[in-house]
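A.B. asks: Below are the structure tokens for one structure; questions will follow.
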Amino acid sequence: MKIKPIIEYLKAQCPLLKSVGGAADYAEGKKLLKHQLPAAFVIPLGDIDGPNSVVGEVHQERRTAFALIFAQSNLKKAGGVDDVDELQQLRAQVRDALLGWLPPECDQAIEAAGGKLLDFDDAVLWWQDDYATGYAIYSQ
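Counting along the sequence shown from 1, when you hit position 3 you're at 3 in the working numbering, and nothing is skipped either side.
This is the structure in structure tokens:
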């Protein structure tokens, strides 16, 4: 599964995001991102291949997982509103865009696979939501 189509799709579908990038952007973003929040980074997590179903050829189903790592300001605003509430809105917008979408080269729609708090640092909240999709591997 290619990550770039997911990044481009999120840029088009999620106006709440000021920045969307990949793994290299995430590594750099932890230092330089403070003025481009909220942001999301699409990171590949891994693959799980099913058993081969055809003797003498290859026909396997591959489940592939990726994470969306969100960077959101974590400052209390006037009136006592936390940016955590805004993170929930952002996550919902991304989830609504991704769930059921069929990325290029995949034959299974994207499904949610969980989420967790990663860290608080320098007034930034880091959150990870995991997603999965799949496709078939055939011998050529």
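Using N, Cα and C, we set each Cβ at its ideal position, and we do this for glycine too. Quantities reported herein were computed from a predicted structural model and do not represent experimental measurements.
Grouping DSSP H, G and I as helix and E and B as strand, with all else coil, what is V84?
C.D. replies: To locate residue 84, count along the sequence shown from 1; it is residue 84. DSSP places V84 in helix when its eight states are reduced to three.
A.B. asks: Does the beta-carbon distance from I48 to A67 come in below 9 Å?
C.D. replies: Here the question's residue 48 lines up with position 48 in the sequence shown. Here the question's residue 67 lines up with position 67 in the sequence shown. It is not a contact, given that the beta carbons lie outside the stated cut-off.
A.B. asks: Enumerate in chain order the residues of its own chain whose CB-to-CB distance from G46 is below 6 Å, with the five nearest sequence positions on each side excluded.
C.D. replies: Position 46 of the sequence shown, counted from the start, is the residue given in the question as residue 46. Same-chain partners within the cutoff: A65.
A.B. asks: Using the beta-carbon count (16 or more within 10 Å), is L99 buried or exposed?
C.D. replies: The count along the sequence shown starts at 1 and reaches residue 99 at position 99. With fewer than 16 other Cβ atoms within 10 Å, it is exposed.
A.B. asks: Can you give the Cα-Cα distance for S139 and S53, rounded to whole angstroms?
C.D. replies: On the sequence shown, position 139 is the one that residue 139 refers to. On the sequence shown, position 53 is the one that residue 53 refers to. Using only the alpha carbons, I get a separation of about 12 Å.
A.B. asks: Find the nearest neighbour of L17 within the set I69, G115, A132, judged by alpha-carbon distance.
C.D. replies: As a position in the sequence shown, residue 17 is number 17, starting the count at 1. Answer by Cα proximity: I69.
A.B. asks: So, helix, strand or coil for V54, using DSSP?
C.D. replies: For this step, residue 54 is matched to residue 54 along the sequence shown. Here V54 sits in coil by DSSP.
A.B. asks: Buried or exposed for F120, going by 16 or more other Cβ atoms inside 10 Å?
C.D. replies: Position 120 of the sequence shown, counted from the first residue, corresponds to residue 120. Exposed.
A.B. asks: With a Cβ-Cβ cutoff of 9 Å, do S19 and P38 count as a contact?
C.D. replies: Position 19 of the sequence shown, counted from the first residue, corresponds to residue 19. Position 38 of the sequence shown, counted from the first residue, corresponds to residue 38. Going by C-beta atoms, S19 is nearer than 9 Å to P38.
A.B. asks: Since A113 and D130 should fall inside the 8 Å C-beta cutoff, what is the C-beta to C-beta distance between them, to a whole number of angstroms?
C.D. replies: Here residue 113 refers to the residue found at position 113 of the sequence shown. Here residue 130 refers to the residue found at position 130 of the sequence shown. Between D130 and A113 the Cβ distance is about 4 Å, and since that is below 8 Å, they are a contact.
A.B. asks: Does DSSP put D130 in a helix, in a strand, or in coil?
C.D. replies: For the purposes of this step, residue 130 is identified with residue 130 of the sequence shown, where counting begins at 1. Note: D130 maps to strand in three-state DSSP.
A.B. asks: For E8, name the three-state secondary structure that DSSP assigns.
C.D. replies: In the sequence shown, residue 8 corresponds to position 8, counting from 1. Three-state result, E8: helix.
A.B. asks: Name the residue from R91, C106, A97, F41 whose alpha carbon lies nearest to the alpha carbon of R62.
C.D. replies: Position 62 of the sequence shown, counting from 1, holds the residue named residue 62. The residue with the shortest Cα to Cα distance from R62 is C106.
A.B. asks: Taking the beta carbon of A71 as the centre, do at least 16 other beta carbons fall within 10 Å, making it buried, or is it exposed?
C.D. replies: Residue numbering aside, residue 71 sits at position 71 when the sequence shown is read from its first letter. It counts as buried.
A.B. asks: Give the single residue among R95, L10, G115, P104 whose Cα lies nearest to the Cα of A136.
C.D. replies: Position 136 of the sequence shown, counted from the first residue, corresponds to residue 136. Cα-wise, what sits closest to A136 is P104.
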